[in-house]
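In this text, residue positions in the sequence shown follow UniProt numbering: the first is 1, and each later residue adds one. C-beta: ideal position from N, C-alpha, C; glycine also. This one's a predicted model, so the numbers in the text were calculated from it and none came from an experiment. Take a look at the structure below.
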Amino acid sequence: MSSKKAAPAKAPAKAAAKAPAKAAPAKPVRVRKEKKPTQDLTIKTPLGIARGLKRGFPVTKRTRKIRTADVRRIGKRTKFVREVIREVSGYAPYERRIIELMRVGLDKRALKLAKRKIGTHRRALKKREEMGNVVSLQRLAASRAKEDAEEQQ
1 MSSKKAAPAK APAKAAAKAP AKAAPAKPVR VRKEKKPTQD LTIKTPLGIA RGLKRGFPVT
61 KRTRKIRTAD VRRIGKRTKF VREVIREVSG YAPYERRIIE LMRVGLDKRA LKLAKRKIGT
121 HRRALKKREE MGNVVSLQRL AASRAKEDAE EQQ
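Structure, rendered in structure tokens:
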């Protein structure tokens, strides 16, 4: 018995010259058709027919009642209610901070803070204006109180 292991059999040598690979057949090129101009999709009044652009039951349009909210005006009652709520609850912490920034004269910083807290630029502008009015009213009240104190002395 020999202690030598049998050498593994070699795989048959691959053909030196491979047959050239066949190229995939060219796919047919699709030519896009020109699109027709789109139809006018404006809604037209129904004719009572079940099919087509003017399909549906013919109805008379209702005229909408004009509401005060549409005119963009705050009513007297709403204004009064908001004033009472503001008087009772006071200002939110971020509003107090805006007021403080406005007193110092950092209007732009106050706008940035309002934008970050409220979310939109337009609302932030409105809030800054509102807080500016509060600051001016406080200054006016302080000057009146000072004048009254001087008159009493």
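Taken through DSSP and simplified to helix, strand or coil, R73 comes out as coil.
Counting only residues of its own chain and dropping the five nearest sequence neighbours on each side, L111 has a CB closer than 8 Å to the CB of A124, L125 and R128. Between the alpha carbons of R116 and E130 lies a gap of roughly 17 Å. Residue pairing by DSSP places R55 opposite I49 in a beta bridge. Here Y91 carries a coil assignment [DSSP, helix/strand/coil]. Burial check for A114: the Cβ neighbour count within 10 Å reaches 16 or more, so the residue is buried. In this structure the region 79-88 does not lie against the region 46-61, because fewer than three pairs of beta carbons, one per stretch, are closer than 8 Å. Assigned with DSSP and collapsed to three states, Q153 falls in coil, not helix or strand.
Contact check for V71 and I99: beta-carbon distance about 31 Å, past the 8 Å limit, so the pair fails to qualify. Take the alpha-carbon of V84 and the one of L140: they are about 21 Å apart.
Judged by DSSP secondary structure, R116 falls within the alpha helix (DSSP H) whose first and last residues are D107 to I118. Going by C-alpha positions, E150 is about 50 Å away from R67. Shown here, R103 sits in a helix according to DSSP, grouped into three states.
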